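Residue numbers (my numbering): 2 to 341. Beta carbons: idealized from backbone N, C-alpha and C, even for Gly. These numbers were taken from a predicted model, which means no experiment stands behind them. To keep things clear, I will list the structure first and then write my remarks on it.
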Ligand SMILES: Cc1ncc(C[n+]2csc(CCOP(=O)(O)OP(=O)(O)O)c2C)c(N)n1
Ligand SMILES: [Mg+2]
């Protein structure tokens with residue numbers, strides 16, 4: 002049976018003051034970048050942005066558990082805070098939004114389709130759950146090469162767990178005892194489809210039973226609860242213990258993307274009710290109560306994050322679109338130019 006991680010809210014988990022403050026900065030960075038995407042879209046400056054507000058606790062906690070230089074991250078489009086948290090340059094996120102040629106993928110990928118080979122962030126597609134077999138493959142590679150002390154962290158939403166590829170990846174990873182952690186960011190919605198239309202069970206983590214791997218549930222609005230659950234699962238994977246399905250429960254506060262009008266399928270009352278669990282103010286209260294940061298220090302941190310996001314926005318906007326001649330670079334080998 003899936004086990005809820007024993008987590009009295011906001012237990013310190015042996016983290017230093019600096020680490021606890023880093024978590025807050027990561028959460029604000031994500032939220033500020035997120036809101037910037039929506040603003041730029043409404044200003045007509047970018048075609049598309051995703052909204053991850055409500056997922057901050059998951060991203061900051063999981064990023065802290067990830068070992069840079071060793072582990073491999075296979076994210077999905079919601080994971081801006083996680084990717085930035087493991088070391089991706091936030092400037093690259095803005096370059097992606099503006100589709101600028103200087104972006105790592107030449108400005109041709111959808112925004113929020115992060116990748117960074119140097120850090121170990123694997124490229125993924127928009128096809129829901131298609132990255133899960135790829136993540137299992139990366140973990141299989143680690144096992145095949147007898148690499149020790151490293152693992153794959155693969156993220157996806159609750160809706161992804163209805164896809165055939167997800168089930169195949171889960172099953173394969175359990176049968177092969179692969180070094181992988183499956184992190185489900187359960188925000189209760191898959192665009193307009195509520196969780197109750199996707200599955201007849203309450204907890205995604207229950208699905209782990211069917212494959213013969215442990216399932217764990219953590220509170221996605223508490224970054225330290227997520228850190229503990231993901232770290233325990235990664236440690237197990239890194240030491241030959243096989244895969245774990247970790248479910249982090251959260252709620253998506255914004256519409257699915259800038260292309261989605263969530264008023265057509267959920268009420269503002271529902272959103273307001275979940276706002277009480279907003280991870281950002283909740284975590285700020287914790288830091289102040291424990292004397293880790295003063296309200297003035299938190300204000301200064303927020304200002305600094307806004308300064309950084311303003312700066313990278315201006316810098317990205319000033320750069321040019323990709324050259325048309327670059328269209329097929331990294332798509333076809335050599336100078337092949339189809340349809341020209
Ligand atoms: C195979 C496939 N089917 C449908 C879509 C359209 N689509 C894009 S995002 C999404 C919802 C996914 O929901 P979930 O997995 O819960 O992640 P969330 O967006 O809620 O974080 C859908 C259905 C897609 N990209 N791929
Ligand atoms: Mg979802």
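Buried/exposed call for residue 259, threshold 16 Cβ in 10 Å: buried
Residues sharing a beta bridge with residue 73, DSSP: 153
Closest by C-alpha distance to residue 90, when choosing among 77, 100, 105 and 76: 105
Candidates 14, 16, 33 and 13, of which the one nearest residue 304 by Cα: 33
Residue 127 CB to nearest heavy atom of ligand 1 below 6 Å: yes
Exposed unless 16 or more other CB atoms sit within 10 angstroms - verdict on residue 145: exposed
Enclosing alpha helix (DSSP H) for residue 268 [first to last residue]: Segment: none, residue 268 is in no alpha helix (DSSP H) and carries neither H nor E.
Residue 6, DSSP secondary structure in three states: Only weak support is given to the placement of residue 6: the predicted model assigns it a pLDDT of 48, under 50, and the value that follows is read from those uncertain coordinates. Of the three classes helix, strand and coil, the one that applies to residue 6 here is coil, per DSSP.
Spatial distance of residue 246 from residue 221 (CA atoms): For residue 246 and residue 221, the distance between alpha carbons rounds to 14 Å.
Near ligand 1: residue 159 beta-carbon under 6 Å from a heavy atom: yes
C-alpha distance - residue 85 paired with residue 70, whole-angstrom precision: 14 Å
Same chain only: Cβ atoms within 7 Å of residue 239, ignoring 5 sequence neighbours per side: 150, 151, 152 and 180
heavy atom of ligand 2 below 6 Å from residue 190 C-beta: yes
Backbone secondary structure at residue 251 - three-state DSSP: coil
Which of helix, strand or coil DSSP assigns to residue 186: strand
Identity of the residues DSSP links to residue 258 by a beta bridge: Beta-bridge partners of residue 258 (DSSP): 51.
Reduced DSSP secondary structure (H/G/I, E/B, other) of residue 33: helix
Buried/exposed call for residue 290, threshold 16 Cβ in 10 Å: exposed
Unbroken alpha helix (DSSP H) run spanning residue 86, endpoints: 81 to 86
Three CB pairs or more closer than 8 Å across the region 59 to 77 and the region 122 to 131: Verdict: yes, contact present.
Minimum Cβ-Cβ distance from residue 280 to chain B less than 7 Å: Of the protein chains in this structure there is only one, and it is not chain B.
Cβ-based neighbour list, residue 299, same chain, cut-off 8 Å, excluding 5 preceding and 5 following: 25, 285, 288 and 289
Cβ-heavy atom distance, residue 239 to ligand 1, below 6 Å: no
Rounded straight-line distance, which links the Cα of residue 54 to that of residue 357: Coverage of the chain is limited to positions 2 through 341, which leaves residue 357 absent and any answer about it impossible.
Residue 358, buried or exposed, once every other Cβ within 10 Å from all chains shown has been counted against 16: Past the boundaries of the shown model lies residue 358; the chain is included only from 2 to 341, so the question cannot be answered.
Rounded separation between residue 227 and residue 186 - CA only: Rounded to the nearest angstrom, the two C-alpha atoms are 11 Å apart.
Proximity test, residue 101 beta-carbon vs ligand 1 heavy atom, cut-off 6 Å: no
Neighbourhood of residue 6 by C-beta distance below 7 Å, restricted to the same chain and skipping five residues each side: Here residue 6 scores only 48 on pLDDT, less than 50, and its place in the model should not be relied on; the value that follows carries that caveat. Excluding residues up to 5 positions away in sequence, 217, 218, 219, 226, 229 and 230 lie with their Cβ nearer than 7 Å to the Cβ of residue 6 in the same chain.
Residue 21 and residue 306 closer than 7 Å at C-beta: no
Straight-line gap, residue 160 to residue 14 (C-alpha atoms, nearest Å): Rounded to whole angstroms, residue 160 to residue 14 spans 31 Å at the Cα level.
Cβ-heavy atom distance, residue 79 to ligand 1, below 6 Å: yes
C-alpha gap between residue 8 and residue 223, whole angstroms: Here residue 8 scores only 48 on pLDDT, less than 50, and its place in the model should not be relied on; the value that follows carries that caveat. When only Cα atoms are considered, residue 8 and residue 223 end up about 9 Å apart.
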